[in-house]
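J.:
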Ligand code: SF4
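Numbering (my numbering), first residue to last: 611 to 853.
Structural data, given as C-alpha cells:
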C-alpha cells in the first residue's frame, strides 16, 4: 500500500510531456480486477451482513480443536461432537494427557478420527510445552503446530483474536477463481491475491461472506448464476455460458 501511495506521490510531481502523458494514461487505467473485487465485496456485505464462523466455540483452544475436526467434515457434524468433547477436555493439558483411544471414540463421527486425534494431542502437547498452555496469536507460531496450516491459522487469528486473515478453504478458492480474483489453485497463492485486492481490516469478514455465498448460491456443482446478485459483474470463469 505504501508503495502505491509513494508511486502516486511521485506521479503528481512528474512534469508531463506527450510521451509520459500517454504512459500516464495507460498506467492510470483502473485495474478491473481490483474494481470487481470492491463491487463483489460490497454486494456480499449487503447480502450477508452477519456472516460468521459456523463452528461453535467459547475460547481459542475450542476453535482450534473444532477447526482441526472440520477437515473433510461438515461444520454441523463437528458442532454435534464438540459439546461432549469440550466437556471432557477443558484445556490443552487435558488433551495432551488424554487417552488416545478415548479421544478417538469421541471424535469418530467426524471422519479421519485417528489422524485428527493424533494431531489434536500433538498440537496440544506443543502448546503446553512451548506456549505455556495458551494458543499462540501469530501465524509464525500457529503454523508449526501439528494439524494446523495457514487456513486453520487464519481461522484462529481472525475469529479468536481479531487479527485479520483470509482462510482459503474450498469455497473461497472456488469462488475466487470463478469471480476472476485469482487464477491460482494453490491456496497460499489465492490468499496472497485476495490479500492484495481486499482491504486488510475486511479480510476475516470477506472470508466468511465468500463461504456463505459458496454454500448458499455458488455451489461447487450447481452455481445458481441466474439468481446470483453478482451475475452482472462476475466473469464466471470456468463455467458454461448456459449456467
Ligand atoms: S455469478 Fe455464478 S459463478 Fe459468479 S458468484 Fe454468482 S453463482 Fe458464482
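Quick reminder that beta carbons are idealized off the backbone N, C-alpha and C, glycines included.
From residue 756 to residue 640, what distance separates their C-alpha atoms?
T.: 43 angstroms
J.: Which residues does DSSP pair with residue 828 in a beta bridge?
T.: 833
J.: Inspect the beta-carbon positions of residue 715 and residue 679 and report whether they are closer than 8 angstroms.
T.: no
J.: Quick one: what does DSSP say residue 742 is sitting in, helix, strand or coil?
T.: coil
J.: What span of residues does the alpha helix (DSSP H) with residue 770 cover, start to end?
T.: 760-770
J.: Just to check my reading of the structure: residue 807 and residue 647 have Cβ atoms closer than 8 angstroms, yes? What is that Cβ distance to the nearest angstrom?
T.: 4 angstroms
J.: Between which two residues does the alpha helix (DSSP H) containing residue 786 stretch?
T.: 780-788
J.: Three or more C-beta pairs closer than 8 angstroms, one from the segment 684-702 and one from the segment 792-811: is that the case here?
T.: no
J.: Using three-state DSSP, classify residue 645 as helix, strand or coil.
T.: helix
J.: The alpha helix (DSSP H) spanning residue 696 covers which residue range?
T.: Note, residue 696: alpha helix (DSSP H), 685-698.
J.: Mind checking whether the beta-carbon of residue 841 lies closer than 7 angstroms to any heavy atom of the ligand SF4?
T.: Yes, Cβ of residue 841 sits closer than 7 angstroms to a heavy atom of the ligand SF4.
J.: For the 8 angstroms Cβ check, are there 3 or more pairs between the segment 744-758 and the segment 777-789?
T.: no
J.: Rounding to the nearest angstrom, what Cα-Cα distance links residue 783 and residue 652 in this structure?
T.: 19 angstroms
J.: Can you name the start and end residues of the alpha helix (DSSP H) that residue 799 belongs to?
T.: If you look at residue 799, you'll find it in the alpha helix (DSSP H) that goes 797-807.
J.: If I measure Cβ to Cβ from residue 726 and keep anything under 8 angstroms in the same chain, skipping five residues before and after, which residues do I get?
T.: Excluding residues within five positions, the ones whose Cβ falls inside 8 angstroms are 678, 679, 681, 717, 720, 757.
J.: Residues in its own chain within less than 8 angstroms of residue 762 by CB, not counting five upstream and five downstream?
T.: Setting aside the 5 residues that flank it on each side, residue 762 is surrounded in the same chain by 674, 677, 678, 752, 777, each with a C-beta closer than 8 angstroms to its C-beta; the list follows chain order.
J.: Could you pull out every residue in the same chain whose Cβ sits closer than 7 angstroms to the Cβ of residue 729, ignoring the five residues on either side in sequence?
T.: 678, 756, 757, listed in sequence order.
J.: Just to confirm before moving on: does the CB-CB distance between residue 850 and residue 821 stay below 8 angstroms?
T.: no
J.: Within 10 Å of its beta-carbon, does residue 836 have 16 or more other beta-carbons around it, so buried, or fewer, so exposed?
T.: With fewer than 16 other Cβ atoms within 10 Å, it is exposed.
J.: Considering residue 705, what are the terminal residues of the alpha helix (DSSP H) in which it resides?
T.: 702-706
J.: Mapping DSSP to helix, strand and coil, what is residue 680?
T.: Coil, per DSSP.
J.: Distance, Cα to Cα, residue 817 vs residue 706?
T.: 31 angstroms
J.: So the candidates are 689, 710, 824, 670; which of them puts its Cα closest to the Cα of residue 764?
T.: 670
J.: Within the continuous alpha helix (DSSP H) that includes residue 812, where are the two ends?
T.: Premise fails: residue 812 is in no alpha helix (DSSP H) and is neither H nor E.
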